[in-house]
Structures are given as C-alpha cells and as structure tokens.
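Q: Below: one structure in structure tokens.
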Amino acid sequence: MKRDNSKTTDVVRHSPPGATQSRGRMGNLLRRIRIALRFNRLGVVGLFLILCLILVAIFAPLIAPYDPSKLNIQERLQPPSIRHLFGTDAAGRDIFSRVVYGARISLRVAVVVVAIAASVGAAIGMTAALCGGLIDEALMRFTDIFLAFPPLILAMAINAGLGPGIESAMFAVAVTWWTGYARMIRGQVMTTKNNLYVDGARAIGASRGRVLICHILPNCIGPTTVEVTLDAGAVVLTVAGLSFIGLGVQPPTPEWGAMVSEGHGYILTQWWWPTFPGLALCWMVVGLNLVGDFLRDLLDPRLQGRSG
Amino acid sequence: MILRYLLRRCIFLLFVIVGVTGLLFLITYSIPVDPARVAAGPGATPKQVENLRQKLGLDRPAYVQYLTYMKNLFRGDLGKSTRTKKPVIEELKSYLPASLELMVAAMLINVLIAVPFGVLSAVRPGHLADSVSRLFAALGMGLPLFWVALLAQFIFYGKLHVLPFGGRLSTSLLPPAHFTGSFIIDALVAGDWLLFKDALVHLILPAIVMALPEIAVTSRLMRSSMLEVLGQDYIRTARSKGLPERLVVGKHALRNALLVPLTMVGMQVGWILGNTLLVETVFSWGGLGFLAFNAIYKLDFPVIMGVALVMCFVFVILNLLVDILYAYIDPRILY
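Protein sequences, first through last, are from chains P and U. To get the numbering used here, take the position in the first sequence, counting from 1, and add 823. To get the numbering used here, take the position in the second sequence, counting from 1, and add 980.
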C-alpha cells in the first residue's frame, strides 16, 4: 500500500504546470534575483546591513573591546573617544560593547517571535481553510478579536500580566502577531486548494497530509517569507518599545530598547548614551525592511516578464 | 442597504466587545500576582487578605467573576487605581482628550504631507524620486519612535532652542477651563490667544514624531494607487479631450486614488494608538500612554487594563467610521 502511494505521488510531483528541471529552476531563480536587484538596488544595501549584523552577533566576543556588563565608575559618562567608541553610561559600561552584544538579543527576539507567530498563524489559517464551514467561521472570528487591539496595546497588557522580562515580552508579541499570518495563509490555501493539480493529486489517491505538504504549502512559502522579513523589523521595534516603557528586557541586559530607556534622561547632557543603541535598532529594522522589499520584488510575477 | 450593513457591523461590534473584554479578563485572571494581596497592601495579615478576597469576590468561579466584571463595565465601573485610589474611569476621562488631540494632529499632518508627496512622485516617476521615496518609506517604518522623539528633543530643544522639551503647556501657564479637555480647543473657546499659541507650540513636536511612520506608509500607498489610476482608460479619455493635466490629476485621478490610503487609515489609527504609549512617555504628554507608562511602573493593573480597553474601543469605532466614510467617497460601493 505504502509503495503504491509513493509511486502515484511520483507521477503527481511532475504534474503541476510549469514544473521544470532543477537546473532550469536555479537558472530561473538567479535570473529573477538579477532582475529584482536591478529594479531594487536598495535590496543590496539591506542584504549588506543584515549580513553585517549577523556577523557582529556571531563574533560579538571578538569585536567588543570590553565586557558589556563590567562596571567602571571611574570612567562613567565618558563621551565617545578612541578608548570608548560610543562613550560610556552612568555605570561606566562601554556602550559600544553593549551595542555589539545587543545584536544577539535582537536577532534572537526577531527569529523566535516570528517563528512562533508564523507557525501558530499557519496552523490556524490552514485548519480554517481546509475544514471550512463552522470551524472556519469560529477561527476567523477568534482572529478578529485579536485584530481589534492596537498591536502594541495588546502586547503591553499581556506583558504587564506576565510580568517584565524578555521571555514574557517575546510571548506577548507573538500572541499579538499570529493573526496576520493566519489570515494570509488561510487566503493562500483557499485559492490553492481549488487548483486543478490539487484535484489531480487527490484523484490519484494522495493522502490529505501529502496534498497539504507537497502541493498546497509550497504555494504559501513565497508570500510568507516576504511577510516574515517585513514583520521581523516591526517585531524587534515592538519588543524594544516594550523594553522602553519598562516591560520587556530588564536592565542591565544589553538590549537596545532597554538601553535607550536607561539613557533617556541623559539626552540633553550625555546624548551618546541613548543615541547609539537607537541607531543600532534603526540599522537592523531598516535592513530587514529593505530585504523584505527586495524579496517581494523577487516574487512579483510582474517583474518576471521584464528582460534581464 | 447601508442600514442593514450598519446593523450587521453593530452586532459584530458587540461580539468584539465581548471577545475583547473576555481576553482582557483572561489576562487579569491568569496573572501570577495575587490581586487580593496587592489590594490589601504589604502589611496585611493572611486573614485580612482572605477577608478582602471574599469581599472582592475573588474566591468565586471565573465565569461568575467575568459576569460581575461585565456588569460593572456596563455601569462604567472599571475598578479603582491601586496607585491613586481614584476610580479608573475618572482617570481615563481626564487623560483621554490629550491623547485624542495628539492623534488627530498626527493624522492631519500625515494626510497633509503624505498625499501631495505621493501624488508628486507618481506624476513624475524618476528613478531618483522613486529611490528617495523608497528609502524614506524604509526609514520611516524602521525608526524606533521613542528614539526619534528623544533625538527631536535633543535637536529642537537642546540645540536649536525653538520648541519646548515636553508637556502640554509651559509651567508658568494654567490650563484653560475644562470644556473638551483639548487645551487647543479650550483655549480657543476661552479666546485666550497666548494659551492657544503655547498649547500649539507644545503639540508640534510630538505630533510630527507620531506622524512620521504614517507619512512613510501613506505616501507609498498614495504613489502606487495614483500610478494605477493614471493608467486607466478614463484618464486617457480625459487627457485626449484636452483637459489640462492639473485637472486630470487633481480632479479625475485623485478622488479614486484616495480610496486605497483611506482603507489603511483604520489600521494606522491602531499603530498611532500604540505609539502614543512611547511618544507620550518621552514628551510627558498627559495622555493615555503617559497614564499607562506610570501605571506599569507601579504595577497598577486596573489602570493598565482600562487603558487597553479604551484604546481598543477607540480603534474599533474609528474603523467603523472609516468603513462608512468609504461608502460615502466611493458611491460604487454597495453594502
């Protein structure tokens, strides 16, 4: 029975229209990347920004000249200099080292929150689309309740309920964020599931799970990737915002939002303290937005027709 | 037809209210902090805490507590602030107008800047203009607002000395007699020009900072929507019958192109409401965000939940208004 199944699905695998040999696919992808880069040169900038950030996060101990949490009262509130590139804070900690280590936290926040939100959203969206009827209605109305909240406000309420901390902040933001994915993936599955090749797969006897994983899901990956990249920036900003109002990451953890919050009373006298962590935050979010924009162009069928 | 649609929306609104309060209640109910312990104060004996728990009904089953919560809510009773001991509803009433004032100002700035900007970049699609607008959109969406607010204070107050640091009025001035709660409108009603000018000057910086990300979104949407409309047949007709370009763009295209950004206004209100939390905190703007910020520091849970509830209501109701406005602007839409 099992063998029989694999045979039939082999046939199905070749059946979707437009499916080409893998080499042709690679070439096609490279061509599209080239075209997308031509129409969106800022995509290169975005890729560069994010690549730098990932390298900084990986090699943080090598790049940071000081221990990010080491106190040094003698050198407190020093302006930027050769010794301390970004100056020091009120406890004499080196802001440059703290910003470098902060990259690890923000990247982790972005990846974890978006992964949770996208998986929960995908599960709910797919269930709604595939079951239809009452279950679909119930799940979508449930989603609407979450959408009735302004995003940061719901995250604030949940974070306040759970108590301050990075885990509760990440959980709070993930709870706020899944709705977008649920709606998008539901829409994608709804349009895909009526395609002829899905009917074909079903007719040959492919199981429900196989139809879902091999034939429906691949169509959702493109739009989800774009959404994930664009969302990651907003997620980082939201968590930083929660940290800023005292809910998310707690000092002395070197999170950028919390660092801006710590230094915000010093803006007129020691401007460097809140300025540099904020700049790092901009770097990351702008980078993610540009990459997201680029990915959207890459998947835009309207760009495919243009000559390379 | 529109009445039937409104009725359907109102039923949905009721459903959302039940859902939203249910969700907020769930958060309140499942917090690790014991509310009876907090309300009794740090010096209370276990017996006192237990007595208070019974008095507040916290020992009853969850659904009974939820029903009591809803009953109180409909009477406008949101509990008492653990910090000031005042009813939460009173606190919200005194802080809401300031937030609304700031929101309306930010939305106005958004529309006044983003719409012409978007139209201009659609009418003259140059590579440079496109890149600049793309960069601005990425920047505007990517800036942490609380940080921008701090930089704005540093530049415009600390360095240039042209705008005030924060607050809604100079400390030397007394607020106008309470009429709407918006200092600008109240000062106008009282005919006090000095006060009006002072309130307006204090509003400029926070409102511009709040508007920045919205300008980025609206101008991009306006641009793409305008490009789409300009490519349609009726525009070609208008041009070929010899109408001046100004009229084609300003009259024929603009009205239709405005529809797309309008659909986003509802969403943008949501973002702006969230951003009030951050911007009001930096500028000490005495609105809901500022109230929530202070409540968070004192773990004043009833106030935090009250702010969340009010902001949610403002968001839902404004979205309803946008939908109605949508039908008004585009007569082709039938509900």
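Note that the Cβ used here is the ideal one computed from N, Cα and C, for glycine as well.
Would you give the residue range spanned by the alpha helix (DSSP H) that Phe-1263/U belongs to?
A: Residues 1239-1263.
Q: Any Cβ of chain U within less than 8 Å of the Cβ of His-907/P?
A: It does not; no Cβ of chain U falls within 8 Å.
Q: With a threshold of 8 Å on Cβ separation, who are the neighbours of Ser-1075/P within its own chain once the five nearest residues in sequence on each side are excluded?
A: The sequence shown places Pro at residue 1075/P, not Ser. Excluding positions up to five away in sequence, the list reads Ser-892, Ala-914, Arg-916.
Q: In this structure, how does DSSP classify Gly-986/P when only helix, strand and coil are distinguished?
A: Coil.
Q: Check whether the Cβ of Tyr-1277/U lies closer than 8 Å to any Cβ atom in chain A.
A: The chain inventory of the structure shown lacks chain A, comprising the protein chains P and U.
Q: Determine, using beta carbons only, whether Asn-895/P comes closer than 8 Å to chain U.
A: No, because no Cβ of chain U sits closer than 8 Å to the Cβ of Asn-895/P.
Q: Take the Cβ of Arg-921/P as the centre, count every other Cβ of all protein chains shown within 10 Å, and call the residue buried at 16 or more, exposed below.
A: Result: buried.
Q: Under 7 Å, CB to CB, which of the residues in the stretch 853-874 of chain P have a partner in chain U?
A: The stretch 853-874 of chain P vs chain U, Cβ under 7 Å: Leu-865.
Q: Check whether the Cβ atoms of Ala-971/P and Val-1302/U lie closer than 8 Å to each other.
A: In this structure, Val-1302/U does not lie closer than 8 Å to Ala-971/P by Cβ.
Q: For the alpha helix (DSSP H) containing Val-1296/U, name the first residue and the last one.
A: Where Val-1296/U is concerned, the enclosing alpha helix (DSSP H) stretches over 1281-1309.
Q: Does DSSP put Asp-912/P in a helix, in a strand, or in coil?
A: Note: Asp-912/P maps to coil in three-state DSSP.
Q: With H, G and I counted as helix, E and B as strand and the rest as coil, what does DSSP make of Lys-893/P?
A: Of the three classes helix, strand and coil, the one that applies to Lys-893/P here is coil, per DSSP.
Q: What first and last residue would you give for the alpha helix (DSSP H) that runs through Thr-1001/U?
A: Start and end: 982-1010.
Q: Trp-1265/U and Leu-1104/P - do their beta-carbons sit closer together than 8 Å?
A: No. Outside cutoff.
Q: Please state whether DSSP places Pro-1075/P in a helix, a strand or coil.
A: Coil, per DSSP.
Q: Determine the DSSP secondary structure at Pro-840/P, reduced to helix, strand or coil.
A: Low per-residue confidence applies at Pro-840/P: pLDDT is 45, beneath 50, and the placement is therefore not dependable enough to give any value.
Q: For Lys-1073/U, which of helix, strand or coil comes out of DSSP?
A: Correct three-state label for Lys-1073/U: helix.
Q: For Thr-1008/U, would you say it is in contact with chain P, using Cβ-to-Cβ distances shorter than 8 Å as the test?
A: With 8 Å as the cut-off, Thr-1008/U counts as an interface residue toward chain P.
Q: With distance defined between alpha-carbon atoms, name the residue in Ile-1184/U, Val-1169/U, Asp-1172/U nearest to Gln-1133/U.
A: For Gln-1133/U, the nearest C-alpha among the options comes from Ile-1184/U.
Q: When burial is assigned at 16 or more other CB atoms within 10 Å of the CB, is Ser-904/P buried or exposed?
A: Ser-904/P should be labelled exposed.
Q: From the DSSP output, in three-state form, read off Pro-1067/U for me.
A: Strand, per DSSP.
Q: Between the stretch 938-947 of chain P and the stretch 994-1010 of chain P, are three or more C-beta pairs nearer than 8 Å?
A: Yes: at least three Cβ pairs fall under 8 Å.
Q: Take Asp-1116/P and list the residues in its own chain whose beta-carbon comes closer than 6 Å to its own, dropping the five residues that flank it on each side.
A: Excluding sequence neighbours, Asp-1116/P sits near nothing in its chain.
Q: Reducing DSSP to helix, strand and coil, say where Asp-967/P ends up.
A: Asp-967/P: helix per DSSP, three-state reduction.
Q: Look up Lys-1278/U in the DSSP assignment and say whether it is helix, strand or coil.
A: If DSSP states are grouped into helix, strand and coil, Lys-1278/U belongs with coil.
Q: Can you tell me the Cα-Cα spacing of Arg-1063/U and Phe-1270/U, whole angstroms?
A: Rounded to whole angstroms, Arg-1063/U to Phe-1270/U spans 14 Å at the Cα level.
Q: Have a look at Lys-1027/U and Arg-1033/U and give me their C-alpha separation to the nearest angstrom.
A: In a straight line, the C-alpha of Lys-1027/U is about 10 Å away from that of Arg-1033/U.
Q: Kindly say whether Ser-1070/P, judged by its beta-carbon, lies nearer than 8 Å to any beta-carbon of chain U.
A: Just to set this straight, residue 1070/P is Leu in the shown sequence, not Ser. So, interface residue.
Q: Hey, Ala-995/P and Ile-981/P: beta-carbon distance below 8 Å or not?
A: Their beta carbons are under 8 Å apart, which means Ala-995/P touches Ile-981/P by this criterion.
Q: 8 Å is my cut-off, CB to CB: does Pro-1124/U come that close to chain P?
A: True, the Cβ-Cβ gap to chain P drops below 8 Å.
Q: For Met-1121/U, I'd like the list of residues in its chain whose CB is within less than 6 Å of its CB, leaving aside the five on either flank, ordered along the chain.
A: For Met-1121/U, where only same-chain residues beyond five positions count, the Cβ hits under 6 Å are Pro-1193, Ala-1196.
Q: Exposed or buried, what is Pro-1041/P when buried is set at 16 or more other beta-carbons lying within 10 Å of its beta-carbon?
A: Answer is exposed; the Cβ neighbour count stays below 16.
Q: For Ala-983/P and Trp-1251/U, I'd like the C-alpha separation in whole angstroms.
A: So the alpha carbons of these two residues sit roughly 19 Å apart.
Q: Work out the CA separation of Phe-1159/U and Lys-1073/U for me, nearest whole Å.
A: Each residue's alpha carbon lies about 12 Å from the other.
Q: Identify the continuous alpha helix (DSSP H) that holds Gly-925/P and give its terminal residues.
A: That run of the alpha helix (DSSP H) goes 918-954.
Q: Based on the DSSP output, what are the partners of Lys-1060/U in its beta bridges?
A: Answer by DSSP bridge pairing, in chain order: Pro-1067/U.
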